[in-house]
Each structure stands twice: as C-alpha cells, then as structure tokens.
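Below, the structure written as structure tokens:
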C-alpha cells in the first residue's frame with residue numbers, strides 16, 4: 001500500500017502545536033513507517049506545497065497575505081484538512097489584536113509609538129507579507145474536515161486523532177480528552 | 001400541597017406543585033445541562049442551555065423557569081435540543097472574547113465544560129471580537145467583561161445571599177454589560193463587602209481574584225449552596 005502523504009503547515013501561531021507534535025516521541029517512528037511527510041516546517045525542507053496531499057495539519061490562524069495564500073493552496077491540494085490547535089480553530093491569542101480595530105492601529109502602536117531609535121512601518125512588498133485587518137480561524141476562509149482544539153493539543157490527543165485516520169477511519173472528537181480548548 | 005405527575009424522558013415523576021422542570025428532572029435522575037442556574041439563588045432562564053421539549057407545546061422552554069404541570073410529557077435530549085444547545089454555546093463563544101489559553105480559570109471553567117458536554121469543537125458563527133473593558137479597581141478582585149456571558153449569577157448572589165446588591169445589568173442587546181454600583185468602578189462602590197461570593201459564583205474567568213495566573217484559579221462552586229443550607233437548615237458542615 002502506498003504511504004499516506006502527510007503535510008503540516010504553520011500559519012499565525014507560536015509553533016506550540018508543532019512542538020506538541022514532536023512530543024509524540026517514539027510514536028513518530030511508527031508514524032514514519034505509514035506516512036510520507038511531503039511538506040512541513042519541522043520535518044521537511046520542501047518550499048512548495050505539493051499536489052495530492054492526503055492529510056494536512058494546519059497550525060495557526062490566518063493573519064497575513066502569505067497565510068491566506070498558503071491555506072488556499074493547501075485546501076486545493078489536500079483531501080483531508082485538520083484545524084490543528086486553538087489558533088487554527090478559534091484564532092486564539094493572535095486574534096487579541098482584532099479588538100484593537102484593524103491592522104493599522106496595531107502596526108502604529110508597535111512600530112511607531114513604541115519604536116525606539118528609528119520608528120518606521122515595515123514595508124518590503126513581496127518580502128514582508130501585509131497584515132490582514134483581522135486574524136481569522138481557518139474554517140472561516142476554507143472548508144475544514146476536522147477540528148482538533150487545544151493550546152496546544154497534547155501529544156496523546158494528536159496521536160488519538162491521527163491513529164484512526166491511518167486506518168481510514170474518522171476519529172471521534174468527544175469528551176474532555178478530545179475537544180478541550182486552551 | 002398538591003402533587004403533580006409527569007414524565008421526563010419516559011421516566012414517571014411525582015413532585016410538588018410549583019417545582020421547576022429542572023428540579024423534577026434532577027429528582028428523576030435525568031441530567032439537563034445548565035449555565036446560568038446556580039443552586040441556592042433564584043432562576044432567570046438567561047442562558048437557554050436547559051431548553052426542553054414538551055409535547056403539545058410548540059416552542060422550546062427553559063427547564064429552570066418552567067413549572068411542572070399535571071400529565072406533562074417532557075423530552076430533554078432530542079436531536080433538535082442537542083443541535084440548539086450546541087448553537088447556544090457556539091454563540092456564547094463567538095459573542096465575547098473567550099481566549100481560553102490566557103484565562104485564569106482555563107480547565108476549571110463551566111463554559112468550557114458546557115462546550116465539551118454539547119460536543120462543540122469549533123463555532124460556525126463568525127467571531128465578533130467586541131471591544132470591552134477590564135475593571136481592576138477593586139483591591140482584591142477584577143472584572144473582565146471580555147469573558148462575561150451575562151448569566152447574572154453574580155447579580156443574584158450579591159442581591160439574594162450577601163444582600164449588598166452591588167451588581168446589575170446595564171444596556172441592551174450587544175451593549176449589555178454587568179455594572180457595579182451606579183456604573184462606577186467596582187473599587188469605588190461602598191456597598192461592596194468584598195465577600196467574594198460573586199467571584200465564586202461566576203462560571204467563567206470574568207470575575208477573578210487578583211494575582212491568579214493562567215489556569216491557576218479554581219472557584220468554590222458549592223459555596224452559595226452551602227450558605228443557603230446553613231442558613232435555612234442550620235447545617236454548618238460540608
């Protein structure tokens with residue numbers, strides 16, 4: 001049987017979900033026998049999101065133009081997309097800036113009002129992605145097949161979610177062990 | 001006092017006239033999820049989590065403020081109810097700014113518990129991200145409007161148990177909010193006895209003790225019930 005093509009992507013999050021993924025420890029070796037990691041910030045050095053991905057774990061909310069582009073490509077090229085962690089599911093901590101009313105007041109506060117020697121707004125088109133006005137959870141922008149909340153989801157919840165998928169079954173997300181936020 | 005007989009999820013119940021469906025369900029061993037209900041104070045039907053179906057009545061009614069009547073046939077866990085309960089919790093999450101990861105009661109929160117109970121793994125409604133204040137003018141406690149679900153447990157506890165009536169609800173619709181005194185900073189309200197009953201009554205991290213950090217704070221959920229039993233039945237232990 002061909003190996004399952006697994007991708008993980010990292011949008012606006014702290015990488016805690018990816019760290020939690022690495023906390024799977026020895027089980028990663030078992031996982032590696034069943035999947036090919038075709039794209040991941042922590043497990044591959046591929047720059048371009050590939051075609052025909054089976055499962056993708058998405059960490060982080062959608063906060064800038066680059067996040068938006070990547071999540072659209074990932075959705076297009078992936079069969080089963082999982083919102084991985086609270087930032088992807090609720091927009092979480094990155095969304096604290098949403099209450100301040102758009103990208104502009106946030107940038108001004110950070111880079112001008114609190115700027116020390118040389119206050120200026122970051123502006124490198126094509127290099128520094130533009131902030132969107134709001135950080136948004138992934139499912140507000142593209143269809144999501146499964147939600148795995150948690151900040152971060154602990155390793156055993158990640159394992160309990162992925163294991164049934166490897167057998168072609170959909171995991172049952174019920175009870176405090178599987179769906180707790182925070 | 002006359003007794004009413006009814007069925008709840010097929011279980012026969014006989015209970016005194018004037019009892020609520022929530023009490024009757026408890027008697028029958030049927031669990032109905034609640035949020036604004038607090039043992040020891042009056043019910044107001046604010047959260048709509050305890051909605052039930054009653055045969056012959058065309059709308060859903062909150063179990064906590066609906067009185068039993070003779071021959072009632074009540075259903076507490078139909079698919080419609082499960083769907084609406086989940087929607088209620090989703091709306092509570094998307095209406096305010098509930099960021100569990102940075103909340104003092106993360107892991108000890110009754111809104112989180114409700115989400116888990118109704119099987120909510122995300123909310124289908126767009127988040128509002130309202131701009132709301134935090135009041136830390138009180139010496140010992142704080143009020144974070146971002147996490148308030150307007151269950152009014154604090155209002156009822158302060159009025160009915162402590163007798164100080166520090167809290168009220170002001171505004172309408174999305175502008176509704178809890179106020180202290182005459183919409184003053186909490187720390188300036190002379191009527192406040194700093195008893196902390198409101199803090200323990202609060203189901204979320206909205207009312208908190210100063211100095212508590214993320215996921216550190218546990219609330220004494222049984223305090224009000226204990227006080228009421230102590231006063232009414234003179235039982236002083238728990």
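Protein chains in written order, with the UniProt record's numbering: chain D, 1 to 182; chain V, 1 to 238.
Beta carbons: idealized from backbone N, C-alpha and C, even for Gly.
Beta-carbon proximity of residue i to residue j, cut-off 8 Å
i	j	result
residue 17 of chain D	residue 135 of chain D	no
residue 20 of chain D	residue 122 of chain V	no
residue 15 of chain V	residue 76 of chain V	no
residue 137 of chain D	residue 93 of chain D	no
residue 212 of chain V	residue 104 of chain V	yes
residue 153 of chain V	residue 50 of chain V	no
residue 130 of chain V	residue 174 of chain V	yes
residue 94 of chain V	residue 48 of chain V	no
residue 86 of chain D	residue 101 of chain V	yes
residue 168 of chain V	residue 179 of chain V	yes
residue 107 of chain V	residue 215 of chain V	yes
residue 157 of chain V	residue 191 of chain V	no
Test: residue i CB closer than 8 Å to a CB of chain D
i	result
residue 127 of chain V	yes
residue 144 of chain V	no
residue 131 of chain V	yes
residue 100 of chain V	yes
residue 198 of chain V	no
residue 112 of chain V	yes
residue 31 of chain V	no
residue 121 of chain V	yes
residue 106 of chain V	yes
Residue environment, residue i, which counts as buried when at least 16 other CB atoms sit within 10 Å
i	result
residue 46 of chain V	buried
residue 231 of chain V	exposed
residue 22 of chain D	exposed
residue 200 of chain V	buried
residue 24 of chain V	buried
residue 82 of chain V	exposed
residue 139 of chain D	buried
residue 147 of chain V	buried
residue 144 of chain V	buried
residue 193 of chain V	exposed
residue 62 of chain D	buried
residue 102 of chain D	exposed
residue 163 of chain V	exposed
residue 2 of chain V	exposed
residue 237 of chain V	exposed
residue 78 of chain V	exposed
residue 153 of chain D	buried
Inter-residue Cα distance where the pair is residue i and residue j
i	j	result
residue 149 of chain D	residue 44 of chain V	32 Å
residue 120 of chain D	residue 128 of chain D	14 Å
residue 38 of chain V	residue 155 of chain V	12 Å
residue 64 of chain D	residue 132 of chain D	5 Å
residue 5 of chain D	residue 58 of chain D	14 Å
residue 71 of chain D	residue 91 of chain V	26 Å
residue 3 of chain D	residue 38 of chain D	11 Å
residue 171 of chain V	residue 177 of chain V	6 Å
residue 42 of chain V	residue 80 of chain V	27 Å
residue 40 of chain D	residue 210 of chain V	41 Å
residue 224 of chain V	residue 4 of chain V	29 Å
residue 72 of chain V	residue 85 of chain V	22 Å
residue 180 of chain D	residue 97 of chain D	23 Å
residue 52 of chain V	residue 117 of chain V	16 Å
residue 27 of chain D	residue 159 of chain D	8 Å
residue 222 of chain V	residue 57 of chain V	34 Å
residue 112 of chain D	residue 219 of chain V	42 Å
residue 55 of chain V	residue 174 of chain D	30 Å
residue 295 of chain V	residue 150 of chain V	There is simply no residue 295 of chain V to check, as chain V begins at 1 and stops at 238 in what is shown.
residue 6 of chain V	residue 32 of chain V	16 Å
residue 183 of chain V	residue 114 of chain V	30 Å
residue 13 of chain V	residue 99 of chain V	41 Å
residue 30 of chain D	residue 166 of chain D	11 Å
Any chain V beta carbon closer than 8 Å to residue i
i	result
residue 108 of chain D	no
residue 64 of chain D	no
residue 105 of chain D	no
residue 173 of chain D	yes
residue 182 of chain D	yes
residue 176 of chain D	yes
residue 163 of chain D	no
residue 158 of chain D	no
residue 179 of chain D	yes
residue 18 of chain D	no
residue 147 of chain D	yes
At least 3 beta-carbon pairs within less than 8 Å: the segment 12 to 28 of chain V vs the segment 61 to 78 of chain V: yes
The segment 130 to 143 of chain V in contact with the segment 107 to 118 of chain D per 3-pair CB rule at 8 Å: no
Cβ pair count under 8 Å reaching 3, the segment 42 to 56 of chain D against the segment 68 to 84 of chain D: yes
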